[in-house]
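Position 736 of the sequence shown, counting from 1, maps to 1987 under the working numbering, and the rest follow consecutively. Think of the CB as a built atom: it goes at the ideal place given N, C-alpha and C, for glycine as much as any other residue.
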Amino acid sequence: MRTVLSVIFVLLIIALLLCVVFSLRSKKPIGKSVANLLVGLTIPVLGNLILIVTSVQLFAEFGCNVYFLGMDAAVISLLFFTHAYCEIGKPKLSIKLLIYVLFGIDVVQYILNPFIRFTFTTEEISVDGRAYYRLLPYIGQTYHRVVCYGLFFASLIIFIVMTAKASKVYVEKYMVILFSMVITGGIETYYIFSGHPLDMSMIGFGFFGLLVYFFSLQYRSMRVLDKLLASMASDMPEALFFFDKDGKCIWTNDPGRKLIGISKENYDDVVANLRFLFDDIDLESSGWEKRVIIGYGDEAQYLDLSMRSAVDELGRTTGSYLSVRDNTEEQRTIEREIYKSTHDAVTGLYTRENLIERITKRLNHDKETDYMIGYIEVSNFKMINDVFGSEFGTTTLLKVADTIKTNSSPKTIYGKLGYDSFGILIDKKAFDEEKLEKLLETFSIADENMEHHIIIHFGVYDFNPDEDIDVQLWFDSARLATAAITDNYQNRIVYYDDKLRNEVIHDQLISNQLKDAIEEKQIRPYLQPIVDSRGLLAGAEALVRWIHPEEGFMNPGQFIPVFERNGLISVVDKYMWRCACEILASWKERGIEAFISINVSPKDFYRLNVVSELKSLVEEHNIKPEKLRVEITETAMTSDSVDMIKTISDLREYGFIVEMDDFGSGYSSLNLLKDINLDLLKIDMQFLKDSERNMKAGLIIKSIINMSEDLGIDTLTEGVETAKQYEKLFDMGCKLYQGYYFSKPIPVEDFEKQWFD
Ligand code: C2E
Ligand code: CA
Ligand code: CA
């Protein structure tokens, strides 16, 4: 019996010491308290082991001392462990002091015991046929027991209180330790008071230690986990359905009940209801995901289903669960984002990329229908925006979009291409050019004051069905067709064709050649005389000519519109102005008093500071500013974006003579005269032409001349081709004349020869 017990004790000691090592290695904060307690529990076991093994009285008494002092250590460390385990903080200092004093006395009485025999002595008996020393307690031993029990009960009470207070889920945590303590304490008490020679209560001590180790450091409460998982599942926004291995529903959360419309705790109908809601749902297999859309349009609900199974450690299916997530909101957000990125914010039409993609797709799939590409542009949209305000601009774009919408045929695809342009795929069969023409002709927008006529250009690219599909390029071509429109008013629908293509290439070519052409003097001024009523030379107009090495003699009509479109006109004009100044400077030297008129393109006012350019030129050439006359066309003067009134008055103030060119060709000629102070009106030659057949035109010229006289403005008539015209104008009181009757524009040398030599 003694041998068996000693083997058990040795094993327990080893087990406890191993747990001490593991506790110290544990990362949990309670690890140290557990290790202390385990050491505290090991010592009395060791004491008892000595007592059982030995047959020598001295060793037996030593074993007793180890046992009792170990008990002290055990109960003290139990109290500290209890505090840590129940997370109630460390014992107060006063309590600690009290404990150390009480146990200090105990230690002292054990040390002094061999001399004063105050606590215990031993008597020899025979156990298993060998001497065994049994304990005989004195009064000091009672003291020891009181303090030990006191401390033990203190820990016990703490555990009882914690168990009572803990929520259901955590009761288990305290209960296990509490029970182990009660049982260990009970066994210990039994052995103390039963007088049994061999103290087997130490086995209980050992097991208590192991239990403490397990519950503090190894055990994860499955109950806690279960509860947490269950409450998490209940709170999930997804509908969850749990099935056992036979496919019977065993639980669903609130969203699940709501989704399929069942009352609490009634899981019988779940499977049937799920089958009803999700037509061909497969509840037998798992590991699948699928999206189900319930309802249509704005009412549609997007549900993402996912079926999973659970397996145990051996890989056997223990059940499965279905989760149903309502992703309608996310889906709507995604759809809104997609819509935003594929539709124009103002008109709601497709954006450029989207439009091109859709047209390309259609052309790839529909080879039967005959299509062509249309490019629609609001002419002068920037000006419309500037002058009438952006709200009016937006209204314009909306009306264009609406017009396209209401007039498009079923196969049409249209969208917004750019700031002021729209693109359209036209079904040729449904295309009615005459109707479109009318539509464009009458397109207008009313504001509170009046109806504004808006000019819309419509470029068409009629592609060849065999061509590689390149919608982007086709739109560019259709746009080019509109860009080539020079008369805003007549031509609204234009086709991109080979002629236009060649023109575009040609325009590009001459633009690239311009710089060299100026340097090589291919571009040069011609002079056309301007005479007075006596037929004497008053001055000349400088008109540009390009003597091109390949194309030959080019009139301004062949290149000026190109350069006005791409802005290069300013380069030409600056050069022409310089030439005019050089000629004037040479005339000055020869004592010739004639003036030269130069042309200023409307575009120059955007690109140059015309006033300072001209000033510095006359200063550089040391000529009088009044010798350099400045012709500004009537349309340039009506430009809203530049302060023309100021520009003109600056020019005149400096001494330039400012002339209005092509007077009468625009709209607001007469209106302009009341706001702008001018020196001369150049009456548009169309009037003169018309006056041949039309009495009224003649009368208009006469009244213009009369009115100018009243305003103190001189008049010049252009395009005088016959003596008869000259006479008539002379009679009307015109001051200056210009036209083929006197001379065509000619090279400078010829001009000088003809008039000055
Ligand atoms: P414009 O300023 O009205 O110039 C008068 C145009 O009428 C010139 O045409 C001239 O040759 C033409 N002309 C003169 N007398 C008669 C006539 O009796 N009968 C007919 N049928 N025509 C006559 P051109 O030289 O071809 O110039 C055309 C336009 O090109 C000019 O019209 C002007 O607007 C522009 N232009 C010419 N040179 C320049 C220049 O250096 N800079 C700028 N910006 N524009 C220029
Ligand atoms: Ca002119
Ligand atoms: Ca003119």
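Fully enclosed alpha helix (DSSP H) runs of no fewer than 4 residues occupy 1632-1639 of the region 1605-1648, in order along the chain. A Cβ-Cβ separation of about 5 Å places L1794 in contact with P1996 under the 8 Å criterion.
When rounded, the separation of the alpha-carbon atoms in E1978 and I1843 is 27 Å. Rounded to whole angstroms, K1419 and V1378 show a C-alpha spacing of 49 Å. In this structure, DSSP gives V1398 a helical state, which the three-state scheme calls helix. When DSSP states are grouped into helix, strand and coil, P1448 belongs to the coil group.
By the CB criterion at 8 Å, S1784 and K1986 fall inside the cutoff.
When the beta-carbon positions are compared, G1436 and L1292 stay at least 8 Å from each other. Going by C-alpha positions, H1616 is about 14 Å away from I1607.
Measuring C-alpha to C-alpha distances from R1567 to each of R1587, I1589, D1497 identifies D1497 as the nearest. In this structure the region 1323-1332 lies against the region 1271-1291, because at least three pairs of beta carbons, one per stretch, are closer than 8 Å. A contact between stretches requires three or more CB pairs, one per stretch, nearer than 8 Å, and the region 1335-1343 fails this requirement with the region 1373-1393. Going by DSSP, V1575 is part of the beta strand (DSSP E) stretching over 1568-1577. The shortest C-alpha to C-alpha distance from Y1670 to any of K1633, V1638, E1619, I1781 is the one to K1633. Note that the C-beta distance between I1956 and L1931 is not below 8 Å. Of the residues assessed, F1726 falls on the buried side of the cut-off, its CB having 16 or more other CB atoms within 10 angstroms. A distance of 8 Å or more separates the beta carbons of L1687 and A1652.
Its chain contains M1623 as the residues whose beta carbon lies nearer than 6 Å to that of D1713, once the 5 sequence neighbours on both sides are disregarded; these appear in chain order.
In terms of side-chain proximity, the C-beta atom of K1933 is found nearer than 7 Å to a non-hydrogen atom of ligand 3. Taking the Cα of L1449 as reference, the smallest distance to any Cα among M1252, D1530, S1274 is reached at M1252. Excluding five sequence positions before and after P1295, the CB atoms of its chain that fall closer than 7 Å to its own CB belong to Y1318, G1321, M1322, A1325, M1453, F1456, given in chain order. The residues I1696, in chain order, have a CB closer than 7 Å to that of T1646 in the same chain once the five nearest residues on each side in sequence are set aside. Inter-residue distance for T1898 and V1881 is about 12 Å (C-alpha atoms, whole angstroms).
A heavy atom of ligand 3 is found nearer than 7 Å to the CB of D1912.
Nearest neighbour of V1755 by Cα position, chosen from R1816, E1801, L1778, turns out to be R1816.
Rounded to whole angstroms, the separation of the alpha carbons of Q1937 and I1820 is 25 Å. Taking a 10 Å sphere around the C-beta of S1942, we find 16 or more other C-beta atoms and assign the residue as buried.
In this structure, E1754 has its beta carbon at no less than 7 Å from each heavy atom of ligand 3.
A direct Cα-to-Cα measurement between L1950 and N1763 gives close to 47 Å. Straight-line spacing of the CA atoms in T1889 and F1673 works out to 28 Å.
In the three-state scheme derived from DSSP, where H, G and I count as helix and E and B as strand, Q1360 is classed as helix. Between F1492 and Y1572, the CB-CB gap stays under 8 Å. With fewer than 16 other Cβ atoms inside 10 Å of its own Cβ, Q1759 counts as exposed.
Contact between L1879 and F1907 holds: their C-beta atoms lie close to 6 Å from each other, under 8 Å. At least one heavy atom of ligand 2 is found less than 7 Å from the C-beta of E1792. Distance between I1706 and S1630, taken at the CA atoms: about 5 Å.
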